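A.B. asks: Residue numbers (numbering that gives the first Met the number 0), protein chains in the order written: chain A, 0 to 184; chain B, 0 to 289.
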Amino acid sequence: MKIIGESSIPLDPNLAEEIRRRCGQNVSLCYQCRKCAAGCPNRSFMDSTPTELMRHIQLGMADEAMKGNAIWYCLSCHTCSARCPQDIDIPQVVDALRIIVQEKKVKTDAGSVTLVNRLWMAMLRLGRMYEMGLASLTNLLTGRPFKDAGLAARMIRKGKIKLLPTIRKPLEINRMFKRARKLKK
Amino acid sequence: MKIAYFPGCSLHSMAAEFDVSTRRVCQSLDVQLCEVKDWTCCGSSPAHGCDELMSLALPARILALTTETENLREVCAPCASCYSRLKFAQERLTDPRWRADIETVVGRPCPPDVGIFNMIELVIGKVGLDNVASHVVRPLAGIKVACYYGCLLTRPPKVIGSTNFENPTDMDAIMETLGAQVLDWNHKTSCCGASFALTKTEVVLNLTRKILADARNVGAEAIAVACPLCHANLDGRQEQINAAFGTDFHVPVFYFTQLMGLAFGIPPKELAVGKHLTDVGDFLKERALL
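1) Grouping DSSP H, G and I as helix and E and B as strand, with all else coil, what is residue 180 of chain B?
2) Of all the options B/92, B/41, B/116 and B/159, which has the alpha carbon lying nearest to the alpha carbon of residue 72 of chain B?
3) Going by DSSP in three states, residue 10 of chain A sits in which element: helix, strand or coil?
4) Going along the stretch 89-122 of chain A in order, which residues come within less than 7 angstroms of chain B, judged by CB to CB distance?
5) From the DSSP output, in three-state form, read off residue 163 of chain A for me.
6) Could you round the C-beta distance between residue 105 of chain B and residue 182 of chain A to whole angstroms and report it? I think they count as a contact, below 8 angstroms.
7) Can you round the beta-carbon distance between residue 232 of chain B and residue 191 of chain B to whole angstroms, since I take them to be within the 8 angstroms contact cut?
8) Our contact map puts residue 56 of chain A next to residue 15 of chain A with C-beta atoms below 8 angstroms; I'd like the distance itself, whole angstroms only.
9) Give, in chain order, every residue of the stretch 82-110 of chain B whose Cβ lies closer than 8 angstroms to some Cβ of chain A.
10) Where does residue 176 of chain A land, buried or exposed, given buried means 16+ other C-beta within 10 angstroms?
11) Along the stretch 206-240 of chain B, where does the CB come closer than 9 angstroms to a CB of chain A? Name the residues.
12) Residue 182 of chain A lies in the alpha helix (DSSP H); which residues open and close that run?
13) Grab me the residues of residue 98 of chain A's own chain with a C-beta within less than 8 angstroms of its C-beta, minus the 5 sequence neighbours each way, in chain order.
14) Checking 9 angstroms against the spacing of the C-beta atoms, do residue 52 of chain A and residue 195 of chain B come in under that value?
15) Return no unless some Cβ of chain A is closer than 9 angstroms to the Cβ of residue 252 of chain B.
16) Got a sec: which bits of the stretch 122-137 of chain A sit with their beta carbon under 9 angstroms from any beta carbon on chain B, in order along the chain?
17) What are the complete alpha helix (DSSP H) segments, minimum 4 residues, inside the stretch 15-50 of chain B?
18) When we look at the beta-carbon of residue 123 of chain A and count the other beta-carbons within 10 Å, is it buried (16 or more) or exposed?
19) Please name the residue or residues paired with residue 358 of chain B in a DSSP beta bridge.
20) Spell out whether any CB of chain B is found under 9 angstroms from the CB atom of residue 27 of chain A.
21) Comparing C-alpha positions only, which one of A/79, A/25 and A/48 sits nearest to residue 151 of chain B?
22) For a contact defined as C-beta to C-beta under 8 angstroms, what are the partners of residue 32 of chain A on chain E?
23) Is residue 129 of chain A helix, strand or coil by DSSP?
24) What residues in its chain sit with their C-beta under 6 angstroms from that of residue 56 of chain B, if we drop five residues either side in the sequence?
25) With DSSP as the reference, label residue 106 of chain A as helix, strand or coil.
26) Taking a cut of 9 angstroms between CB atoms, which residues from the stretch 152-168 of chain A lie near chain B?
27) Quick one: what's got a C-beta closer than 6 angstroms to residue 156 of chain B's C-beta in the same chain, skipping five residues either side?
28) Using a C-beta to C-beta distance shorter than 7 angstroms, which residues of chain B count as neighbours of residue 48 of chain A?
29) So with CB distances below 8 angstroms, who are the chain B contacts of residue 183 of chain A?
30) Would you kindly report the start and end of the unbroken alpha helix (DSSP H) that includes residue 193 of chain B?
31) Between residue 158 of chain B and residue 209 of chain B, is the Cβ-Cβ spacing less than 9 angstroms?
32) Taking its Cβ as the centre, do 16 or more other Cβ atoms sit within 10 Å of residue 30 of chain A, making it buried, or is it exposed?
33) Please list, in chain order, the chain A residues whose beta carbon lies closer than 9 angstroms to that of residue 58 of chain B.
34) Give the interface partners of residue 41 of chain A over in chain B, defined as CB-CB distance under 7 angstroms, in chain order.
35) Extract the residue ranges of the beta strand (DSSP E) inside the stretch 99-167 of chain B, only unbroken runs of 3 or more that lie entirely within it.
36) So, for residue 53 of chain B: in the same chain, excluding its five sequence neighbours on each side, which residues have a beta-carbon less than 7 angstroms away from its beta-carbon?
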């Protein structure tokens, strides 16, 4: 963890409470045992560990919690939450942070994750996931049009990818999205 | 026995082998799978990372439709991600405040008491290992198998209800019943990087490489899996991993339902083994399973 002059850190005293309101997880219970950091398979990519993330939230260090890449490298594999002695569901805390960042349009180190999330949620309105469309659009929009092209070709030859979307109940799904948006207001 | 069946998007495309072998094995075991009518996507990982309410309402819709499928109260979801999302939705439905919101969005009553099974649970809990044993006509005589469970079939234990989440053994028990020699190894429940396939492929290659390496170190001739994304990475990315890390992996990766089918004497063609990206033909020939 970096040591920073305390006067230079903007603090959000409501951060822990907002997380709790959104996902029901009480991060104040964390006593920094580091079991989550020890077991995290993606720890080596993150600029702060899950344990540090819990501390940042406890202290209200919103920038540290949201602007780094840690929340975007979480795999939601639940190794940490399975082992947490205080029963904190850390991936749900991470999801809450991701949602706040996306709602408030905070500038963050998300890579292409938020883009793929948006594409996924848009495509989902067809009813069933159109993997071919999702992958090609993602590659196009991230400027890597030929990413995994060899793999895709082999999958198509084996009949593992559908070339056309399967549409199921798109009107019903769209109505669900509308009702959800209304409820959130 | 009759149970509702929610295959999910993956089983209709890149994991067709899992769908085909599950249906075929269930047919042999006299389990009638009634596909949930007009099922739609569960939302999977991207939904819970950007829209909590929809990430619960989408799987809750499947639970609602289950009860409309011949009045069944139990559903089988082979895909680990679908299974996990159904379990998360069910957990929230037990909270009256959440249930009201979810039902408003779904527009149907969403009962919180639908029984949710993955295929391992269905085989162990509903079919029974004795019943499985009675169908084995071509035992997997001593084939060394590493059973890979991944993340979402057992974690988080509070939501899934699993007790042995650090060392699950149910798939091992099924493989032993088929006559296979099940191996102990370190990466049984390690993450393969599934949800990062489109966004951070370098993570997937790195994590999947470790799993393949460990399986090979303990002498596995094949890996058994029960999740479409585990299979897509372990089976489908071996070529990319070999190119990136200078390795020479060529490990057959089967859905455990395919290995059940082979032991039951079902022709490999009916279990879609030809769809694997890492060829399993030589393995099947050597082991006289063709």
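Ideal placement from N, C-alpha and C gives every residue a C-beta, glycine not left out.
Owing to the predicted nature of the structure, the values given are computational and were not obtained by experimental measurement.
C.D. replies: Here's the rundown:
1) Residue numbering aside, residue 180 of chain B sits at position 181 when the second sequence is read from its first letter. The three-state secondary structure of residue 180 of chain B, taken from DSSP, is strand.
2) Counting from 1 along the second sequence, the entry for residue 72 of chain B is found at position 73. Out of B/92, B/41, B/116 and B/159, B/116 has the C-alpha closest to the C-alpha of residue 72 of chain B.
3) Locating residue 10 of chain A in the first sequence gives position 11, counting from the first residue. Of the three classes helix, strand and coil, the one that applies to residue 10 of chain A here is coil, per DSSP.
4) Cβ contacts with chain B: 94, 97, 98, 101, 110, 111, 112, 115, 116, 119 and 120.
5) Counting from 1 along the first sequence, the entry for residue 163 of chain A is found at position 164. Three-state result, residue 163 of chain A: coil.
6) By one-based count along the second sequence, residue 105 of chain B stands at place 106. By one-based count along the first sequence, residue 182 of chain A stands at place 183. The Cβ separation is near 12 angstroms, so there is no contact.
7) If you number the second sequence from 1, residue 232 of chain B lands on position 233. If you number the second sequence from 1, residue 191 of chain B lands on position 192. Rounded, the Cβ-Cβ distance is 4 angstroms, consistent with contact.
8) In the first sequence, the residue the question calls residue 56 of chain A occupies position 57. In the first sequence, the residue the question calls residue 15 of chain A occupies position 16. Separation of the CB atoms of residue 56 of chain A and residue 15 of chain A is rounded to 5 angstroms, and the pair is thereby assigned contact status at 8 angstroms.
9) Those residues of the stretch 82-110 of chain B that come within reach of chain A (Cβ to Cβ, closer than 8 angstroms) are 100, 103, 104, 105 and 106.
10) Counting from 1 along the first sequence, the entry for residue 176 of chain A is found at position 177. Buried: at least 16 other Cβ atoms inside 10 Å.
11) The residues in question are 206, 209, 231, 235, 236, 238 and 239.
12) Taking the first sequence and counting its residues from 1, the one referred to as residue 182 of chain A is at position 183. For residue 182 of chain A, the uninterrupted alpha helix (DSSP H) run begins and ends at 169-183, by DSSP.
13) Translated into positions along the first sequence, residue 98 of chain A becomes position 99. Result list for residue 98 of chain A: 21, in chain order.
14) Mapped onto the first sequence, residue 52 of chain A falls at position 53. Mapped onto the second sequence, residue 195 of chain B falls at position 196. Not closer than 9 angstroms, so no.
15) Position 253 of the second sequence, counted from the start, is the residue given in the question as residue 252 of chain B. Chain A contact via Cβ: absent.
16) If the cut-off is 9 angstroms between Cβ atoms, the stretch 122-137 of chain A has 122, 123, 125, 126, 127, 128, 129, 130, 131, 133, 134 and 137 near chain B.
17) Within the stretch 15-50 of chain B, the runs of alpha helix (DSSP H) that reach at least 4 residues and sit entirely inside it are, in chain order, 15-27 and 43-47.
18) For the purposes of this step, residue 123 of chain A is taken as residue 124 along the first sequence, with counting starting at 1. So residue 123 of chain A counts as buried.
19) This structure cannot speak to residue 358 of chain B, because chain B is shown only from 0 to 289.
20) By one-based count along the first sequence, residue 27 of chain A stands at place 28. Residue 27 of chain A has a beta carbon lying at 9 angstroms or more from every beta carbon in chain B.
21) The residue labelled residue 151 of chain B in the question sits at position 152 within the second sequence. Looking at the Cα atoms, A/79 is the closest of the given residues.
22) Among the protein chains of the structure shown, namely A and B, there is no chain E.
23) Counted from its first residue, the first sequence places residue 129 of chain A at position 130. DSSP places residue 129 of chain A in coil when its eight states are reduced to three.
24) Reading the second sequence from its first residue, position 57 is the one you call residue 56 of chain B. Result list for residue 56 of chain B: 101, 104 and 105, in chain order.
25) Residue 106 of chain A sits at position 107 when you count from the first residue of the first sequence. Assigned with DSSP and collapsed to three states, residue 106 of chain A falls in coil, not helix or strand.
26) Correct list: 153, 154, 157, 158, 159, 160, 161, 165, 167 and 168.
27) For the purposes of this step, residue 156 of chain B is identified with residue 157 of the second sequence, where counting begins at 1. Hits under 6 angstroms: 164.
28) To locate residue 48 of chain A, count along the first sequence from 1; it is residue 49. Result: empty, since nearest Cβ-Cβ is about 16 angstroms, beyond 7 angstroms.
29) Residue mapping note: residue 183 of chain A aligns to position 184 of the first sequence, counting from 1. What residue 183 of chain A touches in chain B: 52.
30) In the second sequence, counting from the first residue as 1, residue 193 of chain B sits at position 194. Secondary structure note for residue 193 of chain B: it is in no alpha helix (DSSP H), with a DSSP letter that is neither H nor E.
31) As a position in the second sequence, residue 158 of chain B is number 159, starting the count at 1. As a position in the second sequence, residue 209 of chain B is number 210, starting the count at 1. For the pair residue 158 of chain B and residue 209 of chain B, the CB atoms are not nearer than the 9 angstroms cut-off.
32) Residue mapping note: residue 30 of chain A aligns to position 31 of the first sequence, counting from 1. Exposed.
33) Here residue 58 of chain B corresponds to residue number 59 of the second sequence, with the count starting at 1. Per Cβ cutoff of 9 angstroms: no residues; residue 58 of chain B is ~12 angstroms from chain A at best.
34) Locating residue 41 of chain A in the first sequence gives position 42, counting from the first residue. Under the 7 angstroms cutoff, chain B gives 202.
35) For the beta strand (DSSP E) assignment, the uninterrupted runs of no fewer than 3 residues enclosed by the stretch 99-167 of chain B are, from N- to C-terminal side, 114-116 and 143-146.
36) The residue labelled residue 53 of chain B in the question sits at position 54 within the second sequence. Excluding sequence neighbours, residue 53 of chain B sits near 42 and 46.
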